[in-house]
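In my numbering, the protein residues as written are 9 to 320.
A quick write-up on the structure given underneath.
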Amino acid sequence: MESRWLAIVSLLLLINIALPLPSHTATLRTNKTFIHVQKRNPAKSPAKKVITKKVVTKKVATKKVVTKKVVTKRVTTRTVASKKKTSKRLVQKPAKPNIWMTPIKSAPYSAAMRKRIIASFKHGRAGKYSPEDLVRAKTFVHYPLKGGIRKRTGAIRYLVLHSTETERPADARRVVRSWNNIGPRHPGTQFLVDRDGTILLTADPNYATVHVNDRTSQRGVTNDNSIGIELVRSGKQKYTKKQLRSLVALAEYIEDRFNISRVYGHGEIQPSDRKDPVAFNWGQFTKNLAIIQRGQTDAETAYNQTNDPAEG
Ligand SMILES: [Zn+2]
């Protein structure tokens, strides 16, 4: 008899454990769907849980899909917008290049500072000074290019020498003015060396100007990876001593300041249509550049030491 009673009691206990109280489950889940299902069908609690889970996942899943759709729609509108812009750009060429003028301060430094910078420049030790410093030391004259300047797409590696080869003798400023008069897109070099040795800086050399033909130039030289120097010359004129002294000091400065790996003549990299710098003595230039680079003497003394065929 006792065993029978025990069996009944244990059975009742088991039933109580198997069917948890509705109030207990309600506190476990706050989901509205769950409570709703529970009220409808309070007898089948284990099944309820499954149903609730399914409903919840379904809801979340649909939500995700909706958001995805919205996102895709937004992306498509953007792509359409950008496509429209590009086609406009292709049709209408920009009236202005990227940069009209590069900002260069020209307020002069004190006499002592100027003297120090000028001496460093002549001895090929001015690499620590910026082109603007050299303008403020009155070593360079800032004579700006207006237009024809753009941001570089590559690092500076080459220096290209040119000669202006104007029809009639002209000074460096006149050459720059003739470029600027062409319009916003025009040729130009960052530096010009005038007949009297004056060095013009037309743009910050960290920006590119158009002095070689990017489509026909060889040996990997482009406007984006090079700096250009124009030597002012016309007809049968010889380069002047002052001009060549300034050039060698300038070339040394640019090499030092901008990590130049090689100096080329325009005709060397664009032989199809260019021969400049015309009648240029490369042997003498290289020799003097080496002298100034070794720090033996300044550019002027270097030129007096070498056999200079240039006019005085
Ligand atoms: Zn050239």
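Even for Gly, the Cβ is constructed at its ideal location relative to N, Cα and C.
Note that the coordinates shown come from a computational prediction; the quantities given were computed from them, not determined experimentally.
Buried or exposed by the 16-neighbour rule on C-beta atoms within 10 Å, applied to residue i
i      : result
ASN189 : exposed
GLU175 : exposed
GLN226 : exposed
SER171 : buried
GLY132 : buried
THR294 : exposed
SER128 : buried
ILE299 : buried
TRP187 : buried
ASP141 : buried
ASN296 : buried
GLY236 : buried
GLN304 : exposed
LYS159 : exposed
LYS123 : exposed
THR110 : buried
GLY196 : buried
ALA310 : buried
PRO139 : buried
Residue i, DSSP secondary structure in three states
i      : result
VAL45  : Residue placement at VAL45 cannot be trusted, given a pLDDT of 35 that sits under 50; the coordinates are not used to answer.
LEU239 : strand
GLU308 : helix
SER234 : strand
GLY156 : coil
SER186 : helix
SER171 : strand
HIS180 : Note that residue 180 is Ala in the sequence shown, not His. Residue state, collapsed to three classes: helix.
LYS56  : With a pLDDT of only 41 at LYS56, under 50, the local geometry of the prediction cannot be trusted, and no value is derived from it.
GLY162 : coil
ALA115 : coil
GLY275 : helix
VAL83  : Caution applies to VAL83, whose pLDDT of 41 falls short of 50 and renders its modelled position unreliable; the value that the coordinates give is listed next. It is helical.
ALA216 : strand
ARG7   : Coverage of the chain is limited to positions 9 through 320, which leaves residue 7 absent and any answer about it impossible.
Extent of the continuous alpha helix (DSSP H) run through residue i
i      : result
PHE148 : Unbroken run through PHE148 is the beta strand (DSSP E), 148–150; no alpha helix (DSSP H).
ILE126 : 119–130
ILE262 : 249–266
ILE300 : 290–301
PRO139 : 139–144
Residue of the options minimising C-alpha distance to residue i
i      : options                           : result
LEU252 : GLU263, ASP264, GLU238 and ARG265 : GLU238
SER269 : SER128, SER234 and THR110         : SER234
LYS154 : HIS194, LEU169, LYS123 and LYS136 : HIS194
THR210 : HIS274, VAL183, ASP306 and THR305 : VAL183
ASP220 : VAL256, ARG185 and ARG282         : At residue 220 the sequence reads Val, which differs from the Asp that was named. Of VAL256, ARG185 and ARG282, the residue nearest in Cα terms is ARG282.
ARG181 : LYS159, THR161 and GLY205         : GLY205
SER242 : THR110, ILE112, ARG302 and ASP179 : ASP179
LEU167 : GLN292, HIS274 and ASP284         : HIS274
LYS113 : ARG124, LYS244, ILE107 and PRO152 : PRO152
ARG265 : LYS146, ILE277, LYS249 and GLY135 : GLY135
PRO177 : VAL271, ASP202 and ILE107         : ASP202
MET121 : ALA287, THR147, VAL240 and MET109 : THR147
ASP306 : SER254, VAL286, HIS150 and PRO192 : SER254
ARG302 : ILE107, PHE199, GLU260 and ALA287 : GLU260
PRO116 : THR110, TRP108 and ILE125         : ILE125
SER280 : ASP222, ASP212 and ASN267         : ASP222
LEU208 : ARG185, ASP284, GLU308 and THR224 : ARG185
LYS130 : VAL286, ASN289 and ALA257         : ALA257
ILE277 : GLU263, THR248, LEU169 and LEU200 : LEU169
GLY228 : TYR272, ASP212 and LYS249         : TYR272
TRP108 : ALA310, GLN245 and ASP212         : ASP212
THR161 : HIS150, THR224 and ASN231         : ASN231
ALA403 : ALA287, GLY291, ASN214 and SER118 : Here the chain covers residues 9 to 320 and nothing more, so residue 403 does not appear.
PRO192 : PHE199, THR248, LEU200 and THR217 : THR217
First and last residue of the uninterrupted beta strand (DSSP E) at residue i
i      : result
PHE199 : 199–201
ARG223 : Careful: ARG223 lies outside any beta strand (DSSP E) and carries neither H nor E.
ILE207 : 207–209
Margin query: Strictly closer than 5 Å from CB to any heavy atom of ligand 1: give me those residues in the order they appear in the chain.
Written below: HIS170, HIS274 and ASP284
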